[in-house]
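Working notes for the structure below.
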Amino acid sequence: MATRNPKDIKYLTSQKMVKRPKKFCRFKKYNIRYIDYKETEFLLNFINEQGKILPRRLSGNSLKYQRKVGQAIKRARHLALLPYVTDLLK
Amino acid sequence: MNTHYETVIIFSPLLSDDEVKREVSKYTRMVTDGGAAILEERQWGLRQLAFLIEGKSNGIYFIMEFSGPGTLHQKLEVEFKRDENIMRWLTVKLDKDAIEYNDRRRKGLVGKKKDAAEEVKPNIASPVANLQPTA
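If you want it as structure tokens, here you go:
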């Protein structure tokens, strides 16, 4: 008779072994204090394909810099550097 | 106490080069006459707009940074509104971080990480080169 080792089976479904790397605020980490609204290529990191501003939940920005990013994107939109609405921006 | 400002103007693409120069000199003169010092002028030239403004898909961008009295931008705004050649403008007050950033950009320190990496490489390589003759 095969005895079951209690260590063999602990969970019915496999546990998630991959840990996501923790998000961080890039502005705090790299000590960036000013976000230029004229640098559209950099601001593209913070908007989705429709031109919407990404939430902090996804971008990982701290509140202070999320506000500044939003401000910069809105200024860029006013100057027609970024679109207000589109599809397939990236 | 002077305040730093940055103004971006989008001129109509229908203007000729001479007309753009005339417009630019008109506003730079207005800024200097208003008691402000112009720190930088930049011409981006004709650029594609992200969306149509007044039915036009292009615009001529002009950027100037100046430091002057806080009442000046109101006078400028009136002129911008009157001017039919201007499609859009934006005047931004710069805080101390922005001023520092613009200073660094003028010196060419911003967005040149590749160059910085190239500068580091010879420093790493040079000790090796120094070692080789001794070895």
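Protein chains in written order, with this note's numbering: chain A, 1 to 90; chain B, 1001 to 1135.
From the three backbone atoms N, C-alpha and C, an ideal C-beta is built for every residue, glycine too.
In this text the structure is predicted, and so the values were computed from the model without any measurement.
Asked: Positions along the segment 15-36 of chain A whose CB lies within less than 7 Å of some CB in chain B; Found: 33, 34, 36
Asked: Three-way DSSP call (helix, strand, coil) for residue 66 of chain A in this model; Found: helix
Asked: Backbone CA spacing between residue 1046 of chain B and residue 1061 of chain B [nearest angstrom]; Found: 7 Å
Asked: Contact set for residue 1024 of chain B: own chain, Cβ-Cβ below 8 Å, skip 5 residues either direction; Found: 1041, 1043, 1062
Asked: Whole-angstrom distance between residue 60 of chain A and residue 1009 of chain B, CA atom to CA atom; Found: 33 Å
Asked: Rounded C-alpha distance that separates residue 1051 of chain B from residue 1092 of chain B; Found: 22 Å
Asked: Per-residue contacts from residue 84 of chain A into chain B (C-beta, under 9 Å); Found: 1050, 1051
Asked: Where residue 1030 of chain B sits in the DSSP three-state scheme; Found: helix
Asked: Other residues of its chain near residue 153 of chain A: CB distance less than 8 Å, five sequence neighbours each side excluded; Found: Residue 153 of chain A lies beyond the residue range present for chain A, which begins at 1 and ends at 90; the question has no answer from this structure.
Asked: Distance between residue 67 of chain A and residue 1097 of chain B (C-alpha atoms, nearest Å); Found: 15 Å
Asked: Given 8 Å, three or more beta-carbon pairs between the segment 1014-1023 of chain B and the segment 69-83 of chain A; Found: no
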